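Here it is as structure tokens:
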């Protein structure tokens, strides 16, 4: 068997002169520290709702992560192996972005407890002063969280950086000895997360340890999944993967969440190899993944492993938020706008679709505050593009996951998503503005209601406010106040057609982006520009002759009427429920794509309802001529594949398609009838 030291030597020799280059290759864009970018409008509501719901309260009662006081015992250590690290990483930005002092106190207490219990060897975790085996992976999300806290509170720098360097020394020795990787394969597939944390140390706090930081990065790669092989055209799976042998020999590389995290591996590798081949392979892998497993909602299918293109196969919630984070990182390193376009689509479709928006639309309760507290209290493990029920499924369409996987609840199938999903919205926000490498320009990456204040090069203090209800309309008003002149860049998505920009009340001119970015010259003082970014209705070809309907960043689906049954209630927290949804009306529709019409009904108050991702709440819709067809089910729990060339069984009618993220039962890949 080939040992890790042999593999490392081969890696160094193969990379040759590229690795001989000193330092880390620069990113195309640099991120801003946590707290520099804040959400506003409906987007701020999402964070508040999340904190009022399951994400913000699970540490009070959920046994996987619950520990109300990290001043004694070992609960924090035990959960550091997965649950606590995930929770910590997600809840830091969740609290900071809306100044939730209760959450901020909890995450600070968690950091204090873990750092104060680091042992003399440098180890962090439940194995301190025990004979329990030490596995590296569970610490990586903890480091992401600790880095975020340093960004918010620089007085923590010395404590965190010292602890991280001490851990790196130990981890480097463990890797030399082949230790720390025997956790079932997670460390071998997720090594890139540790590399990114090491690169933060190298970029900002190397403390004279540059050589061991680079050496540890190289060793992590040499002992982990070779993602350049996984993402090669010849070895990448073109169909659902059950029953297929993984030719790389790394079976867990086809696992959905591992794949989502592995998307960061090659851009992270490029920074220490300087090899363009790493960038090329990362970009190709992204394209292959969505070509063969992609979804109209922006994400890809993996119900535990890569699952192909069928509309009833599942997508894990952990996968959604990890792909969002990886896509943002890919954009920052490579600069290709395709990454940012897809992250925005995933965020505005796949993420809200798999978390309950709220019960206010169907609740008879009169206590408004109680209704608000019911928002975002249940999540799925797996979502489906065509999802006609959310229940215990028999038969089960998911070959590697349980029949309970698409129920909305506290812990359907596996607990990981309960503690990991809260990173989705906050990290989308914190990656929405970047700077150029020389810090001279600001780059507005994601479109939505944000504000940011930062100081660019030459002490140029800049404040930006984006007034919009995008993606629920096409217009954004951006107000910039700058101490000095600079060039502001704003991303224009690929789906925009006929976009215009009007600066300081002047006539609107056509946008003319370069590599997806529109340059706007900002003088000293205050500048206001208005972006109008319309998009046509488009259809996407799907299997069996079916189509999906898109406009701009939003995927549109038929929102199936539903009944709701409470399957179970958590004994410690009655707001945490498992919910069964069943169709309460017909869903077997085929549509005529030539009849699609866009409908915009702006809110009379100018303010979107909260929660906005709930049945009937978004102001946008698309109507279509449709008819009922014969469309069978499998055991009354999931739809068969869309029929090809179906025949109407009843009169034609008009149905309304709604934004995918606001639906919980849906059809979004439709059979086609012709006029």
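Numbering (mature numbering (1 follows the signal peptide of the UniProt record, and there is no 0)), first residue to last: -20 to -1, 1 to 655. No residue lacks a Cβ here, since even glycine has one placed at the ideal position from N, Cα and C. What you are looking at is a predicted structure, and each value in this text was computed from that prediction instead of being measured.
Under the three-state DSSP convention, the category residue i falls into
i, result
"residue 216", "coil"
"residue 570", "strand"
"residue 555", "coil"
"residue 238", "helix"
"residue 203", "helix"
"residue 406", "helix"
"residue 375", "coil"
"residue 49", "With a pLDDT of only 46 at residue 49, under the threshold of 50, the placement of this residue in the model should not be trusted; the figure read from the coordinates follows. Three-state DSSP puts residue 49 in coil, outside helix and strand."
"residue 531", "strand"
"residue 494", "strand"
"residue 455", "strand"
"residue 175", "helix"
"residue 209", "helix"
"residue 505", "strand"
"residue 129", "helix"
"residue 512", "strand"
"residue 102", "coil"
Residue i burial status per 10 Å Cβ neighbour count (16 or more: buried)
i, result
"residue 521", "exposed"
"residue 345", "Confidence is the limiting factor: at residue 345 the pLDDT is only 32, short of 50, which leaves the residue's position unreliable, though a coordinate-based value still follows. Result: exposed."
"residue 570", "buried"
"residue 546", "exposed"
"residue 650", "buried"
"residue 710", "Summary: the structure shown does not reach residue 710, with the chain confined to residues -20 through 655, and so no result is reported for it."
"residue 244", "buried"
"residue 53", "Note that residue 53 scores 45 on pLDDT, short of 50, meaning its location in the model is unreliable and no value can be drawn from it."
"residue 51", "Residue confidence for residue 51 is low, a pLDDT of 45 falling below 50, so the modelled location carries little weight and cannot support an answer."
"residue 271", "exposed"
"residue 81", "exposed"
"residue 224", "exposed"
"residue 441", "exposed"
"residue 360", "buried"
"residue 541", "exposed"
C-beta neighbour in chain D for residue i, strict 8 Å
i, result
"residue 645", "The chain inventory of the structure shown lacks chain D, comprising one protein chain alone."
Residues near residue i in its chain [Cβ-Cβ closer than 6 Å; skip 5 each side]
i, result
"residue 447", "457"
"residue 180", "127"
"residue 269", "280"
"residue 25", "590"
"residue 156", "none"
"residue 618", "292 and 377"
"residue 135", "none"
"residue 347", "Residue placement at residue 347 is poorly supported in this model, since its pLDDT is 34, which falls under 50; the coordinates are not used for a value here."
"residue 6", "417"
"residue 235", "285"
Residue i versus the options, residue with shortest Cα-Cα distance
i, options, result
"residue 230", "259, 179, 166 and 250", "166"
"residue 2", "652, 262 and 253", "253"
"residue 392", "454, 559 and 21", "559"
"residue 497", "222, 74, 413 and 263", "413"
"residue 582", "251, 452 and 157", "452"
"residue 131", "161, 14 and 30", "14"
"residue 501", "640, 73, 464 and 515", "464"
"residue 484", "508, 209 and 494", "508"
"residue 94", "100, 69, 105 and 86", "105"
"residue 602", "357, 630, 576 and 611", "576"
N-terminal and C-terminal residue of the beta strand (DSSP E) that residue i is part of
i, result
"residue 520", "517 to 521"
"residue 657", "The question about residue 657 has no answer here: the residues shown for the chain are numbered -20 through 655."
"residue 639", "633 to 639"
"residue 225", "Residue 225 -> no beta strand (DSSP E), and no H or E assigned at all."
"residue 430", "430 to 436"
Extent of the continuous alpha helix (DSSP H) to which residue i belongs
i, result
"residue 537", "Careful: residue 537 lies outside any alpha helix (DSSP H), inside the beta strand (DSSP E) at 534 to 539."
"residue 469", "Element bounds for residue 469: not the alpha helix (DSSP H) but the beta strand (DSSP E), 466 to 471."
"residue 145", "137 to 156"
"residue 25", "21 to 32"
"residue 273", "256 to 273"
"residue 319", "317 to 328"
"residue 251", "245 to 253"
"residue 314", "297 to 314"
"residue 159", "Unbroken run through residue 159: none, as it is neither H nor E."
"residue 65", "63 to 76"
Residues near residue i by beta carbon distance below 7 Å, same chain, minus five either side
i, result
"residue 321", "473 and 474"
"residue 45", "38, 39, 59, 63, 64, 67 and 399"
"residue 249", "201 and 258"
"residue 489", "480 and 481"
"residue 193", "148, 178, 181, 182 and 186"
Other residues of its chain near residue i: CB distance less than 8 Å, five sequence neighbours each side excluded
i, result
"residue 615", "373, 374 and 375"
"residue 530", "276, 475, 517, 518, 519, 520 and 536"
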